[in-house]
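Written out below as structure tokens is the structure these notes cover.
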Amino acid sequence: MGFTPTASKVAFVADSTLGLSPEEALKEGIHLVPQQVIHGGRAYRDLVEIRPEEVLRLLERGERLTTSQVAPEDLRETYERLLKTHDRVLSVHVSGKLSGTVATAESVARAFGGRVLVLDSWSLNGGLRLVLEEARRLLRAGVAWEGLEGALAPFRARVRGYVLPKTLTYLHRSGRISGLQHFVGGLLRILPVLEIREGGVFPGPRVRGFGEGLRKVAELFRRDFPEGAQVYLAHAGNEEGARALGAAIRQEGVEVLGVLPAGAAVSVHTGPGTVALFAGPRG
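Residue numbering for the sequence shown is 46 to 328, as defined by the working numbering.
In structure tokens:
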């Protein structure tokens with residue numbers, strides 16, 4: 046017979062791409078482990094040793110930043126601590142195609158004899174949050190521990206993200222586009238809409254200017270979710286842009302669950318001013 050845990054017996058872990066501070070996450074029963082932000086040859090633990098506003102400030106000053114996966118020792122310490130008071134740990138993380146965190150977590154989890162289950166969200170930020178919330182719902186509904194990943198798979202496959210940078214500068218810095226693309230795109234005010242699906246990031250339509258980009262994100266969202274969805278919005282220091290995007294998608298059947306900071310993982314690669322929409326099917 047499979048193990049059917051109750052909410053009180055399972056601890057929930059996510060990495061800091063979730064879009065919540067450690068304190069906010071803990072209020073929702075989620076224990077955060079930090080991604081790492083690399084600056085000047087030193088690694089800083091995201092949200093612990095470096096704050097989102099500092100990341101944005103450094104980027105705007107032209108500093109070179111990168112990000113890296115959660116450190117194994119942070120995962121190990123978290124699992125050990127939580128298993129003293131819980132039967133199991135569910136550890137849900139940023140897509141394995143975007144970060145090595147899932148692989149590292151799986152390696153660390155082997156030492157705990159099946160008491161830690163690691164799930165790849167196939168997303169990040171609001172998409173990660175949607176997948177984690179659905180996993181919690183399934184457990185409350187009585188899904189067995191051994192069958193959780195299979196039960197979650199159809200929902201996870203439907204989650205989508207749409208990311209609109211304010212400028213091409215940071216995509217160029219992070220090596221996502223060439224110097225020529227950056228030069229020509231800057232002259233013509235061309236921006237890409239990036240689509241996140243099944244764990245990968247794919248170039249979507251190119252648009253002329255940020256305003257047109259917001260309209261295109263809303264159009265792509267309606268294409269993928271014609272019957273409505275549950276949505277998280279995110280932004281990298283661009284509350285006005287997030288509000289405009291929220292207004293563009295409001296219609297019957299759309300439930301905007303919240304607005305999140307984009308966090309270091311998005312900000313470093315797409316830059317300050319970025320806005321994003323993460324959507325999943327309604328339960």
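By construction, the Cβ of each residue, glycine as well, lies at the ideal position given by its N, Cα and C atoms.
- Looking at the backbone, the Cα of residue 299 and that of residue 75 are separated by about 25 Å.
- In the DSSP annotation of this structure, the continuous segment of the alpha helix (DSSP H) that includes residue 122 starts and ends at 117 to 127.
- With fewer than 16 other beta carbons inside 10 angstroms of its own, residue 271 counts as exposed.
- Beta-bridge partners of residue 248 (DSSP): 239.
- The continuous alpha helix (DSSP H) containing residue 150 extends over residues 146 to 154.
- For the pair residue 118 and residue 201, the Cα-to-Cα distance works out to about 28 Å.
- Residue range 274 to 280 is occupied by the beta strand (DSSP E) that includes residue 276.
- In terms of CA proximity to residue 315, 209 leads the group 209, 116 and 269.
- Per the Cβ contact rule, the region 62 to 73 is not in contact with the region 257 to 272 (fewer than 3 Cβ pairs under 8 Å).
- In the DSSP annotation of this structure, the continuous segment of the beta strand (DSSP E) that includes residue 58 starts and ends at 55 to 60.
- Between the region 244 to 254 and the region 139 to 153 there are three or more C-beta pairs closer than 8 Å, enough to call the two in contact.
- Beta-bridge partners of residue 95 (DSSP): 91.
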